[in-house]
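S.K.:
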Amino acid sequence: MKQILDRYTLRPLTSDLWSKMQRFAAVVRLRPEKESEYRALHAAAWPGVLATLKRANIGNYSIFVRDGLLFSYLEYTGTDYAADTAQIAADPVTREWWTLTDPCQQPLDSADEGQLWAPAEEVFHLD
-17 MKQILDRYTL RPLTSDLWSK MQRFAAVVRL RPEKESEYRA LHAAAWPGVL ATLKRANIGN
43 YSIFVRDGLL FSYLEYTGTD YAADTAQIAA DPVTREWWTL TDPCQQPLDS ADEGQLWAPA
103 EEVFHLD
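If you're matching positions, the sequence shown starts at -17 in the numbering used here and goes up one per residue.
(1) Whole angstroms are fine: how far does the CA of Glu17 sit from the CA of Phe106?
(2) Starting from Arg77, follow the alpha helix (DSSP H) in both directions and report where the run begins and ends.
(3) Sorted by chain position, which residues of the same chain lie with C-beta nearer than 6 Å to Lys36's C-beta, five sequence neighbours on each side aside?
(4) What is the DSSP secondary structure of Val105, reduced to helix, strand or coil?
(5) Looking only at its chain, what residues have a beta carbon closer than 6 Å to the beta carbon of Glu34, apart from the 5 residues adjacent to it on each side?
(6) Buried or exposed for Ala65, going by 16 or more other Cβ atoms inside 10 Å?
(7) Closer than 8 Å is the cut-off here; do at least three beta carbon pairs connect the stretch 84 to 96 with the stretch 25 to 34?
(8) Taking only the alpha-carbon atoms, compute the straight-line gap between Leu52 and Ala7 and give it to the nearest angstrom.
(9) Report the residue ranges of all alpha helix (DSSP H) runs contained in full by the stretch 6 to 30; include only those spanning at least 4 residues, in chain order.
(10) For Tyr58 and Ile45, which I take to be in contact (beta-carbon distance under 8 Å), what is that distance rounded to the nearest angstrom?
(11) Among residues of its own chain, excluding the 5 on either side of Trp28, which ones have a beta-carbon nearer than 8 Å to its beta-carbon?
(12) Between which two residues does the beta strand (DSSP E) holding Ser92 run?
(13) Where does Leu51 fall in DSSP's three states?
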């Protein structure tokens, strides 16, 4: 399951074929001059964006910040991640949200060309 899955090119952390839920994690740099703006946006996340994520079978979604890095974690419970994330990308409210949040972020040096959020590799998991 190491295929490219969406605009952030996230890869599932779980590979258990018996498990319906898949975990995803990714990292991006937060531009220091945009940190307060980014925090304010997420403190009042738009209901339309949140609803779109839930419709796309995404839950338990968190974004953490430390030393200028953003770390995201989410759980996906659907059956077609590529189709569900394509629906997110096609949503006009989400696209407008990204026009505000994307300028706050800077890809890591190790990110692939055109990749914003770089997938993180799971090195440990405990259920």
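No residue lacks a Cβ here, since even glycine has one placed at the ideal position from N, Cα and C.
It should be emphasised that the depicted structure is a prediction, and the values quoted were computed from it without experimental measurement.
M.R.: On the basis of the supplied data:
(1) 29 Å
(2) Here the alpha helix (DSSP H) through Arg77 covers Pro74 to Thr83.
(3) none
(4) coil
(5) Inspection of the sequence shows that residue 34 is occupied by Thr rather than by Glu. These residues qualify, in order along the chain: Ile70, Asp73 and Thr76.
(6) exposed
(7) With a cut-off of 8 Å on Cβ pairs, the stretch 84 to 96 is not in contact with the stretch 25 to 34, counting fewer than three such pairs.
(8) 10 Å
(9) List check, alpha helix (DSSP H) in window: 17 to 25.
(10) 16 Å between Cβ atoms; not a contact.
(11) In chain order, Val75 and Trp79 place their CB closer than 8 Å to the CB of Trp28, counting only its own chain and leaving out the 5 sequence neighbours on each side.
(12) Unbroken run through Ser92: none, as it is neither H nor E.
(13) strand
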